[in-house]
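These notes are about the structure you will find just below.
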Amino acid sequence: TVLLEAIAAGLPVLATDVCGYAHHIKAAEAGIVLDSPFDQKALNTRLVSMLTSSYLDRWSANGQRYGTNPALYKMPASAVDAIEAYEQRNISPINCTPDSQDIHNIYLREDLGELSFDELLEIGKNTVGGHHNVVEARDKLGEEGRRTVSFSHNGERYYLKIHDGVGWKEIGKNLTSLRLPVLGAENEWKGVHHLRRQTLLQNLGLNTLNIAGYGTRERRFGKILNNPAKRQSLIVTDEIPKAISLEDLFKDKLFWGRNANKIPIKICFKRWLIEQLAQTARVLHNSGANHRDFYLSHFLLQRTKESHEPTPENSSLFLIDLHRMQIHKPTKSAWFKAISRGILKLQRPQPPQIVTPSRWRMRDVSGLHYSSMDLGLTKRDLIRFISTYENISNRQVLEALQDNNRFWRKVQSRAQNLYRSEKRRTRKTGKVANTPLTPASTQH
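Just so you know, our numbering puts the end of the sequence shown at 472, numbered straight through with nothing missing.
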């Protein structure tokens with residue numbers, strides 16, 4: 029990438045046609061490409077004449093203009109595929125033991141290599157304290173067969189989420205509610221890698237969990253079929269230090285009081301945060317995925333520098349709790365159209381673009397809107413979110429609202445229904461409702 033940086037910096041570039049970046053030099057008209065084979069004397073002569081050429085200013089201007097193209101800094105899909113293929117050697121299970129009772133797979137990073145599947149499962153079920161300094165984060169073993177704890181190993185902190193078999197009752201409850209049951213940690217494993225792939229492809233600062241371990245144990249019906257109700261699995265992620273969920277951050281009256289919308293530093297932070305949330309939603313949905321628990325409680329804000337006030341310069345945003353995430357595949361009709369286009373153009377068919385169905389996009393965006401309704405957001409804030417999510421300018425928002433009127437009306441309607449439902453439960457019970465907005469600072 030040194031040649032590409034030189035072009036973008038406005039420096040004249042000399043290379044041969046066998047150079048991998050020669051096509052950039054030609055496209056930018058920012059230097060000279062020599063035919064190969066070449067002789068060293070000829071190259072030296074060309075270099076001297078180039079440094080004294082009257083075209084220097086022109087090459088410099090062309091290169092700087094070429095360097096403003098954001099597509100140059102995105103990693104090609106082929107490169108991402110190569111990286112993933114290489115990493116897959118380490119990601120693939122290092123221990124696969126089939127027997128008459130179960131099939132046992134586990135991947136552990138080097139820093140956790142001393143532990144086994146059963147030891148990690150035991151840590152997940154342990155009481156607070158002990159050798160691994162377990163801190164209980166969230167216990168749902170009784171309801172959904174899932175529990176999350178924080179633990180330490182060799183001086184490092186990790187989060188461990190275990191799925192200890194959801195049971196047929198939980199599976200039946202989800203299916204009768206027309207919801208897909210979460211049977212294990214596989215969803216979260218796939219979700220993390222999906223988001224990291226999008227970050228590489230689009231050169232985005234989209235932060236999520238960092239996986240340190242993953243394992244499954246399939247229980248069998250007899251000796252043939254797997255029993256999904258008794259499937260055990262776990263996922264281990266690195267702790268995100270100095271992080272707080274956005275829900276907890278905005279509950280802090282010292283940070284977000286009644287007059288927060290009038291303080292310049294808080295307004296600047298709020299605008300940055302809205303753009304980050306909208307960009308995360310856009311990237312997620314454009315990649316063919318949806319979160320299904322897209323609330324403020326499932327975003328962690330990490331302060332990278334010691335400061336009383338979080339600012340755009342000292343903050344990073346992490347999307348967590350991906351165990352319900354859906355990754356969609358192209359439909360048969362999309363594949364048929366892609367193949368037909370390839371045949372008509374006498375070219376190799378390109379894979380069709382994966383599209384997240386409107387229904388699932390609406391549910392994610394409305395969940396985020398619902399969880400921010402008590403923050404005193406203005407119409408300008410909502411316009412900022414829509415413009416970033418739709419990837420348009422603020423002036424085009426009105427047109428977008430007209431074109432996608434049905435989508436945004438559904439977002440508003442569902443968010444208001446969720447909000448009213450929460451308030452009714454709060455009045456009825458006299459305490460904060462048990463909404464989906466569970467404390468997320470403990471869930472990664």
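Using N, Cα and C, we set each Cβ at its ideal position, and we do this for glycine too.
As the structure is a computational prediction, the values presented were derived from the model and not from experiment.
Which of the three DSSP states, helix, strand or coil, is assigned to residue i?
{"i": "residue 392", "result": "helix"}
{"i": "residue 263", "result": "strand"}
{"i": "residue 334", "result": "coil"}
{"i": "residue 378", "result": "coil"}
{"i": "residue 328", "result": "strand"}
{"i": "residue 74", "result": "helix"}
{"i": "residue 158", "result": "coil"}
{"i": "residue 121", "result": "Confidence is the limiting factor: at residue 121 the pLDDT is only 43, short of 50, which leaves the residue's position unreliable and the question unanswerable from this model."}
{"i": "residue 407", "result": "helix"}
{"i": "residue 398", "result": "helix"}
{"i": "residue 287", "result": "coil"}
{"i": "residue 195", "result": "helix"}
{"i": "residue 176", "result": "strand"}
{"i": "residue 348", "result": "coil"}
{"i": "residue 271", "result": "strand"}
{"i": "residue 83", "result": "coil"}
{"i": "residue 243", "result": "strand"}
{"i": "residue 181", "result": "strand"}
{"i": "residue 464", "result": "Summary for residue 464: the model assigns pLDDT 42, below 50, so the residue's position carries little reliability; its value from the coordinates is reported in the next sentence. Coil."}
{"i": "residue 257", "result": "helix"}
{"i": "residue 317", "result": "strand"}
{"i": "residue 163", "result": "strand"}
{"i": "residue 236", "result": "coil"}
{"i": "residue 136", "result": "strand"}
Which one of the options has the shortest CA to CA distance from residue i?
{"i": "residue 407", "options": "245, 239 and 299", "result": "299"}
{"i": "residue 139", "options": "183, 288 and 441", "result": "183"}
{"i": "residue 416", "options": "54, 308, 358 and 141", "result": "308"}
{"i": "residue 60", "options": "50, 413, 456 and 152", "result": "50"}
{"i": "residue 314", "options": "384, 205, 152 and 41", "result": "384"}
{"i": "residue 353", "options": "217, 444 and 274", "result": "217"}
{"i": "residue 224", "options": "362, 317, 329 and 441", "result": "317"}
{"i": "residue 41", "options": "74, 67 and 66", "result": "74"}
{"i": "residue 399", "options": "445, 361, 63 and 425", "result": "445"}
{"i": "residue 356", "options": "391, 312 and 212", "result": "312"}
{"i": "residue 210", "options": "80, 389, 181 and 174", "result": "174"}
{"i": "residue 136", "options": "396, 186 and 161", "result": "186"}
{"i": "residue 272", "options": "348, 76, 245 and 43", "result": "348"}
{"i": "residue 89", "options": "392, 370, 441 and 38", "result": "38"}
{"i": "residue 242", "options": "146, 392, 275 and 327", "result": "146"}
{"i": "residue 212", "options": "194, 339, 156 and 198", "result": "194"}
{"i": "residue 304", "options": "196, 283, 56 and 328", "result": "328"}
{"i": "residue 199", "options": "178, 163 and 255", "result": "255"}
{"i": "residue 270", "options": "343, 246 and 287", "result": "343"}
{"i": "residue 92", "options": "76, 57, 80 and 274", "result": "57"}
Residue i CB to nearest chain B CB: under 7 Å?
{"i": "residue 150", "result": "Here there is only one protein chain, and chain B is not present."}
Rounding to the nearest angstrom, what Cα-Cα distance links residue i and residue j in this structure?
{"i": "residue 96", "j": "residue 36", "result": "7 Å"}
{"i": "residue 234", "j": "residue 346", "result": "7 Å"}
{"i": "residue 365", "j": "residue 420", "result": "28 Å"}
{"i": "residue 226", "j": "residue 310", "result": "11 Å"}
{"i": "residue 334", "j": "residue 159", "result": "31 Å"}
{"i": "residue 134", "j": "residue 143", "result": "10 Å"}
{"i": "residue 483", "j": "residue 413", "result": "The shown model of the chain, from 29 to 472, leaves out residue 483, and the question about it has no answer."}
{"i": "residue 257", "j": "residue 34", "result": "58 Å"}
{"i": "residue 381", "j": "residue 358", "result": "7 Å"}
{"i": "residue 44", "j": "residue 370", "result": "34 Å"}
{"i": "residue 94", "j": "residue 67", "result": "30 Å"}
{"i": "residue 440", "j": "residue 453", "result": "20 Å"}
{"i": "residue 244", "j": "residue 410", "result": "42 Å"}
{"i": "residue 53", "j": "residue 395", "result": "47 Å"}
{"i": "residue 451", "j": "residue 301", "result": "26 Å"}
{"i": "residue 64", "j": "residue 71", "result": "11 Å"}
{"i": "residue 151", "j": "residue 197", "result": "26 Å"}
{"i": "residue 388", "j": "residue 279", "result": "28 Å"}
{"i": "residue 401", "j": "residue 48", "result": "52 Å"}
{"i": "residue 428", "j": "residue 30", "result": "41 Å"}
{"i": "residue 87", "j": "residue 69", "result": "23 Å"}
Residues in its own chain within less than 7 Å of residue i by CB, not counting five upstream and five downstream?
{"i": "residue 337", "result": "293"}
{"i": "residue 306", "result": "413, 416 and 417"}
Apart from the five residues on each side of it in sequence, which residues of its chain come closer than 8 Å, Cβ to Cβ, to residue i?
{"i": "residue 289", "result": "295, 298, 404 and 406"}
{"i": "residue 350", "result": "215, 216, 219, 220, 223, 236, 237 and 319"}
{"i": "residue 149", "result": "190, 192, 260 and 262"}
Can you tell me whether residue i sits near the ligand GDP, meaning its C-beta is under 6 Å from at least one heavy atom of the ligand?
{"i": "residue 376", "result": "For the ligand GDP, the structure offers nothing, since it holds no ligand at all."}
Who are the Cβ neighbours of residue i in its own chain at under 6 Å, not counting the five residues just before and after it?
{"i": "residue 448", "result": "none"}
{"i": "residue 161", "result": "180"}
Check whether the segment 425-437 and the segment 312-325 are in contact - that is, three or more C-beta pairs closer than 8 Å. no
Report task. For the segment 238-248 and the segment 261-269, state whether three or more C-beta atom pairs, one from each stretch, are separated by less than 8 Å. Result -> yes
message: Under 8 Å, with one C-beta from each stretch per pair, do the segment 365-377 and the segment 200-212 reach the 3-pair mark?
response: no
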